[in-house]
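A.B. asks: The listed protein sequences correspond, in order, to chains A and B. Letter 269 of the first sequence, counting from 1, is numbered 291 in my numbering, and no numbers are missing. Letter 52 of the second sequence, counting from 1, is numbered 53 in my numbering, and no numbers are missing. No residue lacks a Cβ here, since even glycine has one placed at the ideal position from N, Cα and C.
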Amino acid sequence: MRAWIEKQRYIIDFTISSLLRRKVKNFGLLALYTLIVFILASTMFFTYAIKKEASLILKSAPEIVVQKIVAGRHDLFPVNYIETIKNIRGVAAVESRLWGYYYDSLVSANYTLLTPPSNAGSADSVKSSATTTAVESASGDPQSTDASKPLFELNGAVLEPGTLIIGNGIARLRHIGKGDYMPFLTFDGKVMNLKIAGTLSSQSELVSSDLMLITEDDYRKLFGIDNSHVTDLTVVVNNPSEVAMVASKIKKRLPDARPIIRDEILRTYDSIFNWRGGMMIVIFSAAVLAFVIFAWDKASGLSAGERREIGILKAVGWETSDVIQMKFWEGAMISLAAFFTGVILAYIHVFFTGSIVFEPALKGWSNLYPHFELTPFVNLEQLTTLFFLTVVPYTVATIVPIWKAATIDPDSAMRFTGE
Amino acid sequence: MIELVNVKKVYNAGNPSEFSALNSVNLHIAGNRVTVLKGPSGSGKTTLLSIVGCMSRPSAGRVKLNGREITSLPERFLTDIRRKTFGFIFQQPNLIKGITVLDNVMLPAYPLGEKRSHLKIKAMKGLSELNIANKAASKVEWLSGGEAQRASIVRALINDPHIIIADEPTAHLDTKLSYRFMEIIEKFKSEGKTVIITSHDPLVYESSIVDSVVNLRDGQIEGEQA
Ligand SMILES: Nc1ncnc2c1ncn2[C@@H]1O[C@H](COP(=O)(O)OP(=O)(O)O)[C@@H](O)[C@H]1O
Ligand SMILES: [Mg+2]
Chain A
23 MRAWIEKQRY IIDFTISSLL RRKVKNFGLL ALYTLIVFIL ASTMFFTYAI KKEASLILKS
83 APEIVVQKIV AGRHDLFPVN YIETIKNIRG VAAVESRLWG YYYDSLVSAN YTLLTPPSNA
143 GSADSVKSSA TTTAVESASG DPQSTDASKP LFELNGAVLE PGTLIIGNGI ARLRHIGKGD
203 YMPFLTFDGK VMNLKIAGTL SSQSELVSSD LMLITEDDYR KLFGIDNSHV TDLTVVVNNP
263 SEVAMVASKI KKRLPDARPI IRDEILRTYD SIFNWRGGMM IVIFSAAVLA FVIFAWDKAS
323 GLSAGERREI GILKAVGWET SDVIQMKFWE GAMISLAAFF TGVILAYIHV FFTGSIVFEP
383 ALKGWSNLYP HFELTPFVNL EQLTTLFFLT VVPYTVATIV PIWKAATIDP DSAMRFTGE
Chain B
2 MIELVNVKKV YNAGNPSEFS ALNSVNLHIA GNRVTVLKGP SGSGKTTLLS IVGCMSRPSA
62 GRVKLNGREI TSLPERFLTD IRRKTFGFIF QQPNLIKGIT VLDNVMLPAY PLGEKRSHLK
122 IKAMKGLSEL NIANKAASKV EWLSGGEAQR ASIVRALIND PHIIIADEPT AHLDTKLSYR
182 FMEIIEKFKS EGKTVIITSH DPLVYESSIV DSVVNLRDGQ IEGEQA
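#1: Specify the secondary structure class of residue 187 of chain A as computed by DSSP and reduced to three states.
#2: What number of angstroms, rounded off, separates the C-alpha of residue 250 of chain A from the C-alpha of residue 268 of chain A?
#3: Run the proximity test for residue 140 of chain B: is its beta-carbon closer than 7 Å to any non-hydrogen atom belonging to ligand 2?
#4: What does residue 39 of chain B reach in chain A if we use C-beta pairs closer than 9 Å?
#5: Per the DSSP calculation, residue 10 of chain B is bridged to which residue(s)?
#6: Check whether the Cβ atoms of residue 379 of chain A and residue 371 of chain A lie closer than 8 Å to each other.
#7: Under 9 Å between beta-carbons, which chain B residues line up against residue 26 of chain A? List them in chain order, please.
#8: Under three-state DSSP, which class holds residue 209 of chain A?
#9: So the alpha helix (DSSP H) residue 121 of chain A belongs to, where does it begin and stop?
#10: Is it buried or exposed for residue 23 of chain A, if we count other Cβ within 10 angstroms and need 16 for buried?
#11: Starting from residue 109 of chain B, find everything on chain A with Cβ-Cβ shorter than 7 Å and list it in chain order.
#12: Measure the alpha-carbon distance for residue 311 of chain A versus residue 37 of chain A and round it to whole angstroms.
#13: Within the same chain, show all residues whose beta-carbon is closer than 7 Å to that of residue 106 of chain B, passing over the 5 residues directly before and after it, in chain order.
#14: Which whole-angstrom value describes the C-beta separation of residue 80 of chain B and residue 341 of chain A, a residue pair presumed to lie in contact below a C-beta threshold of 8 Å?
#15: Between residue 130 of chain A and residue 195 of chain A, what straight-line distance do the alpha-carbon atoms span, to the nearest angstrom?
#16: Among the residues of its own chain, which have a CB less than 6 Å from the CB of residue 34 of chain A, if the five just before and after it don't count?
#17: Closer than 7 Å: is that where the CB of residue 95 of chain B sits relative to any heavy atom of ligand 1?
#18: What does a CB cutoff of less than 7 Å around residue 276 of chain A pick up in its chain, not counting 5 residues either side in sequence?
#19: Helix, strand or coil, according to DSSP, for residue 231 of chain A in the structure here?
#20: Sort out for me which residues DSSP pairs residue 308 of chain A with in a bridge.
#21: Considering only heavy atoms of ligand 2, does any lie closer than 7 Å to the CB of residue 46 of chain B?
#22: Taking the alpha carbon of residue 145 of chain B as the reference point, which residue from B/85, B/220, B/102 has its own alpha carbon closest?
#23: Residue 228 of chain B touches chain A at which residues, Cβ-Cβ below 7 Å?
#24: Can you tell me where the alpha helix (DSSP H) holding residue 273 of chain A begins and where it ends?
#25: Is there a Cβ from chain B that is less than 8 Å from the Cβ of residue 335 of chain A?
#26: Could you tell me whether the region 164-184 of chain B touches the region 195-202 of chain B, where touching means 3 or more Cβ pairs closer than 8 Å?
#27: How many whole angstroms separate the CB atoms of residue 257 of chain A and residue 84 of chain A, which I take to be in contact at a CB cut-off of 8 Å?
#28: Mind listing the chain A neighbours of residue 168 of chain B? Cutoff is C-beta to C-beta under 8 Å, in chain order.
#29: Does residue 147 of chain B pass the burial test, meaning 16 or more other C-beta atoms within 10 Å, or should it be called exposed?
#30: Measure the C-alpha to C-alpha separation of residue 121 of chain B and residue 222 of chain B and round it to an integer number of angstroms.
#31: What is the C-beta distance between residue 70 of chain B and residue 29 of chain B, in whole angstroms, given that I count them as a contact (C-beta under 8 Å)?
#32: Taking 7 Å as the cut-off, is the beta-carbon of residue 202 of chain B closer than that to any non-hydrogen atom of ligand 2?
#33: Which residues, taken in chain order from the region 396-421 of chain A, show a beta carbon closer than 8 Å to some beta carbon of chain B?
#34: Residues in the same chain with beta-carbon distance under 8 Å from residue 32 of chain A, minus the five sequence neighbours each way, listed in chain order, please.
#35: List the endpoints of the continuous beta strand (DSSP E) containing residue 90 of chain A.
#36: Looking at chain A, is there any beta carbon in it that lies within less than 8 Å of the beta carbon of residue 89 of chain B?
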């Protein structure tokens, strides 16, 4: 056993010196290999991060959102509808929401303006509304502890009339922060200056990136909405199996109301994420293909120098199996080095630089493209898959030409002429 | 010590290029002696030497080492016998470029998994015996022809073999270095080792250290001389 370990050490040392001897070739190889692992791992991390974001949204989404529809178009929701909905059996709570999009021509971006639920401005109420939703989604969900966290946190900022709280994406885009003023153009053409009371931090930047929280009064002043209207309603249902039933009752009692259940919202998100995921799969398969070609190329031959060296090793007493072990270590070292470098670079890329390489492809959908810095999450299963997709085939590919090496007779060393 | 019975070697058997390099060679090589295989180029010296040294198998006939039949042993055993029994000095030094002289010299010992500190001491001792200890850390491409050959001799000796095999060792050496080489051979003999050399260099086969000369021609032995 001791001798075996010592032997492996010798072989590894020799392999390292062999690799260093062919520096240019092997570093080129390593760089290409690392690049491929980098692309594969980035794709995996990115798809996973975006799915994780989606699941966060899922947990916090209200079960039913009710809008008012006029001629098929989303319209302001009359407050007096609320009582009708509250009286439907199975409805636990109804909450009105005031929110909308605001186009900022200065930076050509759409913001989402939102008034914090009910008793405005208190971080507590945001928390409690998120918790309410979590209770329903907790059934049979192993990750329900996550759900008890609020979707976003106000970082201790207090929302008062004349102030607003902005998401990180907006802060980045406009280079503004706490204490700065932000001008808005109201519905009747006046300028309204709001002071930034703080920024939002969130588990999900996807949600909060383009978000702005303002008080109900300011919202109504900005958009010119009277007290008898809100944007829409959220409905909390006690029993998840009654959601569809409640939705159909709302539709029956209020024909111009449109209840949207969470599953429908999810489907919308899903299609967005799947489209993105699909694009990633294209990148992914291209990288896999490149890898296969590259591994195959590597497997297909031994250089004259390598043949000569194997001949010498065999002549001085190495067995074919010793040569195979050497080749194994060679493949293992190159692929492990490439694997770890590639994975670490991909991790930094996706979680610290906001997928800067993929950004051009992803940015199209919003100027406020969120950075996914906040949820660095490594999925062991994916890493294992990646490992088996790269390290294993490559190592095998380096051992393959050995069946050729085995045919190099030791006496070939006696026939080498010249250098 | 080594006995060859009716040994034949056919290259590319069955092909149009089939070539019979050895025809029924019977030979006995004594232990603790210096034997020279002499003959013109193409007479089958290298072929015979590689069969004697367990580097290749004969197409027919038997090879016995210390009375033990080794022709039919599987590769693993043959390799094991080869690296423990034989030390090879090739016509070319056949050193591996890019690594140091010391690493080259230790190569044959790697598969045996000997402790590194011991191995290093042994290698350094070998190098200093042939006066190239000062080149231990040099890369092999910086060596002169004579130094490279001495390095390859140290490598041949690293596993302390009983039998030393040298294929035309003086072919690339000048007269002075050739004499130097024969002195090294003499030392081996005095240490009780068996030496087998192929050569068509008179400086080798006429040397007083040589105990017997075997004449090869067209793959056959012409007759033994004292
Ligand atoms: N691998 C081989 N394939 C075919 N012919 C070979 C091979 N090796 C040697 N020969 C032939 O066998 C003959 C004897 O070769 P060799 O033993 O090298 O002779 P020597 O060492 O005496 O010059 C030569 O004619 C050579 O061309
Ligand atoms: Mg020859």
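C.D. replies: In this structure, then:
#1: In this structure, DSSP gives residue 187 of chain A an extended state, which the three-state scheme calls strand.
#2: The alpha-carbon atoms of residue 250 of chain A and residue 268 of chain A are separated by roughly 24 Å.
#3: Result no, Cβ not under 7 Å from ligand 2.
#4: The contacting residues do not exist; residue 39 of chain B stays about 17 Å from chain A at best.
#5: Residue pairing by DSSP places residue 10 of chain B opposite B/23 in a beta bridge.
#6: Yes; because the gap between Cβ atoms is below 8 Å, this pair is in contact.
#7: Within 9 Å Cβ-Cβ: 114.
#8: Residue state, collapsed to three classes: coil.
#9: No alpha helix (DSSP H) contains residue 121 of chain A, which is instead part of the beta strand (DSSP E) from 121-126.
#10: So residue 23 of chain A ends up on the exposed side.
#11: Chain-ordered, the chain A residues with CB closer than 7 Å to the CB of residue 109 of chain B read 338, 339.
#12: In a straight line, the C-alpha of residue 311 of chain A is about 28 Å away from that of residue 37 of chain A.
#13: Only 124, 127, 128, 152, 155, 156, 159 meet the Cβ criterion.
#14: Sure, about 5 Å apart at Cβ, within 8 Å.
#15: Each residue's Cα considered, the two are about 10 Å apart.
#16: So the qualifying residues of the chain are 351.
#17: Result no, Cβ not under 7 Å from ligand 1.
#18: The answer, listed in chain order, is 103, 106.
#19: Coil at residue 231 of chain A, not helix or strand.
#20: Residue pairing for residue 308 of chain A: DSSP places it in no beta bridge.
#21: Here the distance from the Cβ of residue 46 of chain B to the nearest heavy atom of ligand 2 is below 7 Å.
#22: Answer by Cα proximity: B/102.
#23: Only positions 2 to 227 of chain B appear in the structure, and residue 228 of chain B is not among them; the question remains open.
#24: First-last of the alpha helix (DSSP H) with residue 273 of chain A: 265-275.
#25: With 8 Å as the cut-off, residue 335 of chain A counts as an interface residue toward chain B.
#26: In short, these stretches touch, since the Cβ pair count reaches three.
#27: Their Cβ separation, rounded to whole angstroms, is 7 Å, which keeps residue 257 of chain A and residue 84 of chain A in contact under 8 Å.
#28: Chain A residues near residue 168 of chain B: 436.
#29: Under this definition residue 147 of chain B is a buried residue.
#30: Roughly 42 Å separates the two Cα atoms.
#31: Between residue 29 of chain B and residue 70 of chain B the Cβ distance is about 15 Å, and since that is not below 8 Å, they are no contact.
#32: Residue 202 of chain B: no, Cβ never under 7 Å from ligand 2.
#33: Listed by position, the residues of the region 396-421 of chain A near chain B (Cβ gap below 8 Å) amount to none.
#34: There are no such residues.
#35: Start and end: 86-92.
#36: Output row for residue 89 of chain B: interface = yes.
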